[in-house]
Amino acid sequence: MPTGKVKWYDPDRGFGFVSNPEGEDVYVGSQVLPDGVTELHKGQRLEYDFAEARKGPQAMRVAVLDDGPAPSPQKGARGSQGARGHKYSPDKLHELVQDTVTLLESRVQPSLEAGRRPDRKEGRQVAEILRTIARELDS
């Protein structure tokens with residue numbers, strides 16, 4: 001079985017790619033992850049079997065060899081990820097939720113009360129913030 005490193009993995013979409021020392025990167029779907037594993041992290045080492053599929057190589061079986069590189073501390077609101085994959089401390093998450101409520105009350109609610117939706121750009125930004133909070137609460 002070849003060994004490679006996770007290039008990226010999106011748990012919301014349920015797939016990602018792992019490097020293949022023998023050629024093209026290999027698609028990894030959530031259905032082939034071992035029991036108890038719900039996501040992969042960039043740089044994490046995997047051992048896998050793969051087969052050639054219609055759109056390229058696809059992992060058929062995956063074994064996780066390590067937890068990947070330690071997350072680097074980042075400036076700003078984010079802290080290092082804990083054992084459960086939380087990106088924000090409870091205090092930072094509380095601040096984020098408060099700021100989001102203020103944003104909704106000051107920017108989104110007035111548009112809706114006037115019978116129109118927020119413009120597309122602002123709507124997407126607010127939606128991304130809400131998805132971030134939802135992922136954090138769900139992890």
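Sequential numbering of the sequence shown, starting at 1, is according to the UniProt record's numbering.
Beta carbons are placed, not taken as given, at the ideal position from N, Cα and C, and that holds for glycine.
In this text, all values refer to a predicted model and were calculated from it rather than measured experimentally.
Worksheet item: Between D25 and V18, which are expected to be in contact by the criterion C-beta below 8 Å, what is the C-beta distance as a whole number of angstroms?
Response: 7 Å
Worksheet entry | Buried/exposed call for residue 149, threshold 16 Cβ in 10 Å | Because the chain here runs from 1 to 139, residue 149 falls outside it and cannot be looked at.
Practice prompt. Can you tell me the Cβ-Cβ gap for F15 and S30, rounded? I've got them flagged as a contact below 8 Å.
Written response: 6 Å
Practice prompt. Compare the beta carbon distance of V37 and A59 with 8 Å and say whether it is the shorter of the two.
Written response: no
Discussion item. Following a CB-centred definition, is V18 positioned closer than 7 Å to any heavy atom of the ligand MG?
Written reply: By its list of ligands, the structure shown contains no ligand whatsoever, and the ligand MG lies outside what it can speak to.
Discussion item. Could you tell me the alpha carbon to alpha carbon distance between L65 and R135, rounded to whole angstroms?
Written reply: 25 Å
Worksheet item: Any idea what DSSP makes of V37, helix, strand or coil?
Response: coil
Discussion item. Taking only three categories from DSSP, how would you classify Q44?
Written reply: coil
Worksheet item: For E136, which of helix, strand or coil comes out of DSSP?
Response: Looking at E136 - three-state DSSP - the assignment turns out to be helix.
Worksheet item: Who are the near neighbours of P118 in its chain, counting only those whose CB is closer than 6 Å to its CB and skipping five residues on each side?
Response: V108, S111
Worksheet item: With a CB to CB cut of under 7 Å and the five nearest residues on each side skipped, what residues in its chain are close to W8?
Response: G16, F17, K42
Practice prompt. Compute the Euclidean distance between the alpha carbons of D91 and S106, then round it to the nearest angstrom.
Written response: 23 Å
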